[in-house]
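Asker:
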Amino acid sequence: MNPDQIKKFLTNRVQVIYSDVDGTFVKNGCLFCTGKGYSLKNARAIYHLLSAGVDLVMTSGREKEKLKETARILGLKNYIANLGMEIVYNQGERVINNFGTEVADRAALKKWIHDTGAVDSLLEKFSGKLRPYAPWAEILRTHYLFIGEVDYRELYSWVDSHFPGLRIIDNGAVPAEKDFRSPHAYHLLPINVGKKSAVQIDKKERSLKRENLIGIGDSPEDVSIADEVAVFFLLNKNVQTDRRNVIYLSNEDGTAFGRIIDYLQKGGFF
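Residues in the sequence shown are numbered from 97 upward in steps of one, following this note's numbering.
#1: Have a look at the DSSP bridge pairing and note the partners of residue 191.
#2: Taking C-beta to C-beta, are residue 252 and residue 243 nearer than 8 Å?
#3: Sorted by chain position, which residues of the same chain lie with C-beta nearer than 8 Å to residue 320's C-beta, five sequence neighbours on each side aside?
#4: Below 8 Å between beta carbons: does that hold for residue 102 and residue 327?
#5: If you draw a straight line from the C-alpha of residue 241 to the C-alpha of residue 127, how long is it?
#6: Span of the beta strand (DSSP E) holding residue 227?
#7: What are the boundary residues of the alpha helix (DSSP H) that residue 322 is part of?
#8: Just list the beta strand (DSSP E) runs in the stretch 220 to 292, keeping only unbroken ones of 3 residues or longer that don't cross its boundaries, in chain order.
#9: What does a CB cutoff of less than 7 Å around residue 77 pick up in its chain, not counting 5 residues either side in sequence?
#10: Do you know offhand how far residue 302's Cα is from residue 296's?
#11: The beta strand (DSSP E) spanning residue 175 covers which residue range?
#12: Is the separation between the beta-carbon of residue 180 and that of residue 267 shorter than 8 Å?
#13: For the stretch 99 to 147, list the beta strand (DSSP E) runs that are entirely contained and at least 3 residues long, ordered along the chain.
#14: On the three-state DSSP scale, how would you describe residue 338?
#15: For residue 183 and residue 150, what's the separation of their Cα atoms in angstroms?
#16: Would residue 110 pass as a contact of residue 366 if the rule is Cβ separation under 8 Å?
#17: Report the residue from 165, 236, 306 and 263 whose alpha carbon sits nearest the alpha carbon of residue 317.
#18: Is the stretch 272 to 291 in contact with the stretch 205 to 224, if contact means three or more CB pairs nearer than 8 Å?
#19: Compute the beta-carbon to beta-carbon distance between residue 276 and residue 120, rounded to the nearest angstrom, for a pair I have assumed lies under 8 Å.
#20: For residue 254 and residue 362, I'd like the C-alpha separation in whole angstroms.
#21: Taking 8 Å as the threshold (C-beta atoms), are residue 105 and residue 341 in contact?
#22: Can you check DSSP and say which residues form a bridge with residue 295?
#23: Measure the Cβ-Cβ separation of residue 259 and residue 214 and say whether it is below 8 Å.
#24: With residue 166 as the anchor, note down where its alpha helix (DSSP H) starts and where it stops.
#25: Quick one: what does DSSP say residue 57 is sitting in, helix, strand or coil?
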């Protein structure tokens with residue numbers, strides 16, 4: 097991590113950090129796990145953020161009910177669930193829906209997506225390369241979730257051309273399964289929905305300024321947040337972007353999140 101590179105973008109104290117969860121500060125479903133054992137580095141980083149009053153906002157594909165339990169255990173207050181569909185404040189006291197279309201509730205949104213015909217068409221077009229991500233595909237109440245190994249540019253382009261009201265998001269790598277060795281999770285959403293639009297809403301709601309914000313993540317969807325923050329730390333060298341405020345970091349040992357927070361603390365950024 098180059099200090100001069102960070103100082104070029106980050107000139108103010110950090111107030112809010114938008115961070116992905118899985119693959120970012122949680123590795124293999126575990127806050128303390130590394131590639132070779134266990135570490136307190138990420139947990140200690142969260143402790144330091146809480147102690148300094150920095151708002152760590154989880155941005156995740158998980159539903160708000162699941163994130164609430166994580167937030168409660170970690171002591172976090174605000175989070176962005178369902179890939180940006182729900183912006184949650186104070187562990188659920190207030191929720192802003194960001195559905196991207198005029199529907200009454202989550203069930204109506206999922207039905208709206210289904211009625212476009214995109215789900216069946218995707219499974220037919222990419223047969224053998226894409227399938228519903230069980231059991232979460234059925235559990236999700238807002239949208240559709242797939243697992244597969246497919247060229248994302250081809251997948252995105254196909255959805256964009258055949259179903260212009262929708263977008264499909266690559267939310268990063270997931271554990272291998274018997275039919276996929278290096279799969280990713282893909283979310284099918286209304287075109288205007290995503291982590292970036294959720295951050296935009298949060299900034300407006302809380303009058304947040306870009307120069308006080310940081311983003312951390314490992315997927316193409318995560319890095320879209322870079323447009324809304326002072327600096328974004330990308331923990332996946334395979335995700336390409338031309339955004340100038342993105343800093344790449346290796347996360348093979350699962351402690352990159354902790355290293356980032358440690359540097360920010362020692363540098364006096366919070």
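Just so you know, even glycine gets a beta-carbon here, dropped at the ideal spot from N, CA and C. From a predicted model like this one, the values you see are computed outputs, not experimental measurements.
Answerer: Answer, in terms of the structure:
#1: 184
#2: no
#3: Once the five neighbours on either side are set aside, the close Cβ partners of residue 320 are 290, 291 and 292.
#4: yes
#5: Answer to the nearest angstrom: the Cα atoms are 24 Å apart.
#6: 226 to 228
#7: No alpha helix (DSSP H) holds residue 322; DSSP gives it neither H nor E.
#8: 226 to 228, 240 to 244, 262 to 269 and 280 to 286
#9: Examination of residue 77 is not possible in this model, given that the chain is present from 97 through 366 alone.
#10: Counting only the Cα atoms, residue 296 lies some 10 Å from residue 302.
#11: Note, residue 175: beta strand (DSSP E), 175 to 177.
#12: no
#13: 112 to 115
#14: coil
#15: 18 Å
#16: yes
#17: Of all alpha-carbon atoms in 165, 236, 306 and 263, the one lying nearest the alpha-carbon of residue 317 is that of 263.
#18: yes
#19: With a Cβ gap of about 22 Å, residue 276 and residue 120 do not count as contacting.
#20: 46 Å
#21: yes
#22: In DSSP, residue 295 forms no bridge with anything.
#23: yes
#24: 160 to 170
#25: Here the chain comprises residues numbered 97 to 366, so residue 57 is not present and cannot be evaluated.
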